[in-house]
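Notes to accompany the following structure.
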Amino acid sequence: MKQGFLALILAAGKGTRFKSEKIKVLHSLAGKSMLRLVLDCVLGLKPQKVYVVVGIQKKEVMKEAQSGKVEFVIQHKQLGTAHAVLAAKNILRKEKEKDVLVINADLPLLRPETLRPMLICHRKEGNSLTFLSAELENPTGFGRIIRSGDKIRVVEEKDATPAERRIRTINAGVYLFKIKDLLAALPKVSTQNQKGEYYLTDIHEILAIQSKKVGVYKTKQAGEIFGVNSRYELAQATEVLRQRKIKALTKEGVTVYDPSTAWIDLDVKIGADTTVYSSVIIEGNSVIGRQCRLYPFVHIVDSRVGNRVKILSSTMIEESVIEDDAQLGPFTHLRPKSVIRRKAKVGNFVEMKNTVFGRKSKAGHLSYLGDCEVEEDVNIGAGTITCNYDGKKKYKTYIKAGAFIGSGTELVAPVKIGKKAYIGAGSTITEDVSPGSLAIARGKQIEKQRKVRKKRKK
Amino acid sequence: MKQGFLALILAAGKGTRFKSEKIKVLHSLAGKSMLRLVLDCVLGLKPQKVYVVVGIQKKEVMKEAQSGKVEFVIQHKQLGTAHAVLAAKNILRKEKEKDVLVINADLPLLRPETLRPMLICHRKEGNSLTFLSAELENPTGFGRIIRSGDKIRVVEEKDATPAERRIRTINAGVYLFKIKDLLAALPKVSTQNQKGEYYLTDIHEILAIQSKKVGVYKTKQAGEIFGVNSRYELAQATEVLRQRKIKALTKEGVTVYDPSTAWIDLDVKIGADTTVYSSVIIEGNSVIGRQCRLYPFVHIVDSRVGNRVKILSSTMIEESVIEDDAQLGPFTHLRPKSVIRRKAKVGNFVEMKNTVFGRKSKAGHLSYLGDCEVEEDVNIGAGTITCNYDGKKKYKTYIKAGAFIGSGTELVAPVKIGKKAYIGAGSTITEDVSPGSLAIARGKQIEKQRKVRKKRKK
Amino acid sequence: MKQGFLALILAAGKGTRFKSEKIKVLHSLAGKSMLRLVLDCVLGLKPQKVYVVVGIQKKEVMKEAQSGKVEFVIQHKQLGTAHAVLAAKNILRKEKEKDVLVINADLPLLRPETLRPMLICHRKEGNSLTFLSAELENPTGFGRIIRSGDKIRVVEEKDATPAERRIRTINAGVYLFKIKDLLAALPKVSTQNQKGEYYLTDIHEILAIQSKKVGVYKTKQAGEIFGVNSRYELAQATEVLRQRKIKALTKEGVTVYDPSTAWIDLDVKIGADTTVYSSVIIEGNSVIGRQCRLYPFVHIVDSRVGNRVKILSSTMIEESVIEDDAQLGPFTHLRPKSVIRRKAKVGNFVEMKNTVFGRKSKAGHLSYLGDCEVEEDVNIGAGTITCNYDGKKKYKTYIKAGAFIGSGTELVAPVKIGKKAYIGAGSTITEDVSPGSLAIARGKQIEKQRKVRKKRKK
């Protein structure tokens, strides 16, 4: 766009059909709120500035829409779309010669590539108002656009006659206005309708009386005109976004075995030749490298995974880093701030938390490493537990390179296991162990005849 | 319905295409048997009495259909639908002035709201017989209804000509009869057809000859006329019921991220603002509260979950109770009769069985608590195991308020850990521990040079 | 087919749109490579011999297509389909009187039943060339077949005019040739097209000039004409194969609760009356018996499961054998070479590796059995760990019939636990235990006042 324009996102309403304590536009689709999706689409058009009209739960909305180019306008009561625009009156007055894009924040499927030609059309035709429209198979929920000759009429669904409801050309709720004409018309909008609200759509009639030019831009991307008014529609829109995301990933060389069960948040990145099995969930800002294999029932949240990493089934990873050629799972749980170094292996029923796990080290079975620094080539036996908490404070455990921790060992922190030290199976280690030495802390084996057992039974 | 009517559910046949040892109508869809679904639909019409015609596996069928309003009629041989109705002859004779609804038990998608207008139509038109019909896209498997002028003809698919098979108006297998006319016509039904069976559909011709009025009620809910004849159709019908269920939940304010992978049994209840992630399974009579979060791969069976409960991924819960604000998982397993009190936390690789786990208590890692009573504010260290079984009997473990169980501890039941007692890590506790005291039971740590290891290798 | 014919599978190209280091036809769909699927389809037609034209990654392709009836032809450069056939010139020369089926290896949905009538048609019509064709809803990506009177013309999509692109009759890329006519025509194919390649499709014009008969066999199985050119199409084709597989299983009496989330590889076998829950993954050559129940999030790879086996949720089984009436899970992990004998029970957070687990034996909780031989009626307590690795070598553990291993026990291998021996909870067993005796190896319990704890805090 050569000439700058403003954008106004309407995000003040509640969305009562959601029956939620959280307002509608804060609900999320594949990791992004509805509001954020619309905002990102609008920012993709490179407006001069974006104003978000907030009202109910304004603090949360403002937090969600935070961005350099965004400012907020408060609408104290929710009395309709025109009333929402009125709230921005003072801002609009300063930019009278420009255009403003007005958009509802409940249209999460719109892409900038779909709105850009609308902007071009608006300017080329010199309209005072341009509607975004489309031909929908199922127009329910949208206002209908009715043309008779040169005249355009918009009827809200609630006010439409049965005949009008059969019309499939809809008003998407996205408008481009010449600001000065909008400002002139706004005060004339009335509340003569079923709901007693100020409708933005009434402005086209006021503009028509004033002989201003009103146009309709009809997009072929009808699938993107999807207003989310219920939680079921939220799920349907999410499905569209998810498939869009998965299609994009497959184009970049990712294999997704089953697009219908893989859940990959919109901001996730995945490298080429990585294979995502059925029923894998990747959330948040996760980044997965090349040639990885993510097996079924893996759940990754906000983590970085290197190249050629294998994550076996039913593994859960949160806010952690896995370096190249490591292997995890099945049934591994990495809690936040864990780092798995190159070629390390972590196996089943192993939990790590705030732990750095060294290069080529192994922890294969039934272990808990918390607040731990493990160097390279360490072998953690099955059933190893760091006792990092004494009921009051947390302490650290250090395990130096090449150490061997026998199975069934408790390491009572704070404690240091020296380089190449060897801990006998079944030990409870409470003191530091010197490098190269063997430490054992367990009872001696004794054997008796089985009468003992009978005694017990009394 | 002002006037009472009877209902007759045909559930005597095997359903050979299922290739099952269990008869067809006992197979379940989202937690309910086909028979139960049809029975519940019929009961929704408030009939005076329901008779279920049983035959093969009659004991199991009778158990499944048990209900105050239900009685059973035994059909010793399965010789067709008319033969099934004949089995109820003696009962029908006592209610000659009433109507009877006859329905096959393999129509699990029908809803009472769809059958009610059929009843009204039957009475208003004063019919001796009313067929339930619909226009199906794919009529395969159903008999076809052919009208020529006033005359109605029904052809079973097996007896239909190719031209007749192209007709899409079908006989759903649901009939309303004036009982006295039905009884008069029944003895005249013959077995002159390909299968040599007594077809209920022949009755309309007999009634026509007798100048009785035969009508067709055609429903617009064609999707509900879905006869389940194979296991693939069973899965298809299940999908319809599941989506119906999920739609209903979303209307009540539940967020279901991915309706295609969430499996929620028909009787499950969920409170508003609860979020159900992708690939969550909730079975049986489970009740989930408000504002809960159920993360991926969670599996809940017959359990009660309070409000604001978080259940992290890959957690399995059976016949247990979780109170408000508790947190479970990931990888928690609650076996039957576990109770998790308010604000308690149970973490990864922790199993509980027949255990009450107190308010604000924590069991974070790799533990097994069986037959246990844990009071409030208890800390269960990683790797804690209750040894509740000695090879002969099971014993109980009591852990009093504020106790701290060090990691890697075995508690050999029966045993009591006193209030605020502290167990050192790595202990095997065989005797009761007094309140406020510290108990330790482990070997002393010794350290040697690593030659020891070389010895081992010999 | 009375008379023998040859088959030529074109598998030399890369498939650049896959952006993969592996060539396209080696990518897999539900456990079988695209190439293997096409090869199996062709072998189903019982050709005399199959030649696979290989080029890029020929070693891997040859390995994948290994089979008694298959030989390989190397195409050194990839210069088009006709060029690929030319590579087989010497072979074809020896069988001049026969027919050859030429097929691209990227048509994984074709079934022999669909190609067989094409062969019959080719012979009956005495064609020199027969095209496989179909009417597609979306013909994008395929060449179009254009008939004008008797004349047939094929236009590659890249060379097609917009009008030609609207034609929906496509060339599937499957041809039957009289070998002698093919050989005569091949040298005349030119590279006069947009891509500068030798197109096999040009041959029909050469044959027409020579007054040879060219025919088109149009199949009604249009859904099988699905050329896989991108990873998204790979996923789409996989979905078709999966549903075909699941439909076949349900016909044999398997209940699949949710066909959209169950992933069952094409070679898997399942017995009647087995129930597969939602989100179950079965891979490779697994064989599942009758009347089993596979619960959600179960993942089975290359394993044999007997009859009436219950596998509870989130269980992972690799290359193992489970005998009749055993029960596993939830959260069990069987690593390769595990054998679970009849009626044995393995519970949560239990891992086995290279272990035989005896009849009616139980390992309910949090255990690791590696390199173990467990006889019948053994009870493995919670938290039992076989220490099978000392940092250098792996050793075996033997547990004889009727032994009872107390909870929290480490068994330091090599070690033998005698018949009906009893190990006290919390023991570290380093020496063999005699039959019938009780062994204990743990520290004595002592109790102190809680000052101790305060000391620690300093």
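If you're matching them up, the sequences are chains A, B and C in order. For what it's worth, the working numbering labels the leading residue of the first sequence as 727, then goes sequentially. For what it's worth, the working numbering labels the leading residue of the second sequence as 727, then goes sequentially. For what it's worth, the working numbering labels the leading residue of the third sequence as 727, then goes sequentially. Backbone N, C-alpha and C define an ideal beta-carbon position, used for all residues, glycine too.
Residue 808 of chain B beta carbon less than 7 Å from that of residue 925 of chain B: yes
Sequence-distant residues of the same chain with beta carbon closer than 7 Å to residue 948 of chain A, five excluded per side: 860, 861 and 862
CB contact check: residue 762 of chain B to chain C, cutoff 7 Å: no
Separation of residue 784 of chain A from residue 791 of chain A, as counted between CA atoms: 10 Å
Selected residue, minimal CA-CA separation from residue 1031 of chain C, among C:1130, C:1057, C:1110 and C:1070: C:1070
Limits of the unbroken beta strand (DSSP E) element including residue 1142 of chain A: 1141 to 1143
Near-chain B residues of the stretch 977 to 991 of chain C (beta-carbon distance less than 8 Å), N- to C-terminal order: 977, 978, 979, 980, 981, 982, 983, 984, 985, 986 and 987
Boundaries of the alpha helix (DSSP H) in which residue 890 of chain B is found, first to last residue: 888 to 891
7 Å Cβ cutoff, residue 1092 of chain C in contact with chain B: yes
Contact check, residue 1047 of chain C vs residue 1058 of chain C, beta carbons under 7 Å: no
8 Å Cβ shell around residue 1156 of chain A - same chain, five flanking residues per side excluded: 1138, 1141 and 1167
Assigned secondary structure, residue 732 of chain C (DSSP; H/G/I helix, E/B strand, else coil): strand
Residues of its chain near residue 972 of chain C, where Cβ-Cβ distance is below 7 Å and the 5 sequence neighbours each way are ignored: 982, 985, 988 and 990
Helix, strand or coil at residue 972 of chain A [DSSP, three-state]: helix
Short CB-CB distance (under 7 Å) between residue 1086 of chain B and chain C: no
Pick from A:841, A:746 and A:757 that is closest to residue 771 of chain A, judged by C-alpha positions: A:841
Stretch pair the stretch 1120 to 1137 of chain B + the stretch 1096 to 1106 of chain B: three plus CB contacts closer than 8 Å: yes
Near-chain C residues of the stretch 833 to 853 of chain A - C-beta to any C-beta below 7 Å: none
Opening and closing residue of the alpha helix (DSSP H) in which residue 823 of chain A lies: Element bounds for residue 823 of chain A: n/a, residue is neither H nor E.
Exposure label - residue 746 of chain A; buried when at least 16 CB within 10 Å: buried
For residue 708 of chain A, the nearest candidate out of A:1108, A:838 and A:1159 (CA to CA): One cannot answer for residue 708 of chain A here, as it falls past the ends of chain A, which runs 727 to 1184.
Separation of residue 887 of chain C from residue 736 of chain C, as counted between CA atoms: 27 Å
Completely contained beta strand (DSSP E) runs for the stretch 892 to 960 of chain A, where each covers 3 or more residues: 895 to 904 and 940 to 944
C-alpha distance - residue 901 of chain C paired with residue 826 of chain C, whole-angstrom precision: 8 Å
Cα-Cα separation, residue 957 of chain C to residue 752 of chain C: 12 Å
Minimum Cβ-Cβ distance from residue 1098 of chain C to chain A less than 7 Å: no
Runs of beta strand (DSSP E) lying entirely within the stretch 761 to 816 of chain B, each at least 3 residues, in chain order: 775 to 780 and 796 to 800
Within chain A, partners of residue 1083 of chain B - CB distance below 8 Å: In chain order: nothing, as chain A lies at least about 18 Å away.
Chain A within 7 Å of residue 788 of chain C, Cβ atoms only: no
Residue 1026 of chain C vs residue 1054 of chain C beta-carbon contact at 7 Å: no
Inter-stretch contact (C-beta, 8 Å, three-pair minimum) for the stretch 760 to 770 of chain A and the stretch 845 to 858 of chain A: no
Under 7 Å (Cβ pairs) to chain A, residues found in the stretch 1113 to 1124 of chain C: 1113 and 1117
Among A:756, A:739 and A:1170, the one whose alpha carbon lies nearest that of residue 1187 of chain A: Chain A is shown from 727 up to 1184; residue 1187 of chain A falls before or after that span and cannot be answered.
Where residue 1138 of chain B meets chain C, residues with beta-carbon distance less than 7 Å: 1151
Burial state of residue 839 of chain C, where buried means 16 or more other Cβ atoms lie within 10 Å: exposed
Simplified DSSP state of residue 1173 of chain A, which is helix, strand or coil: strand
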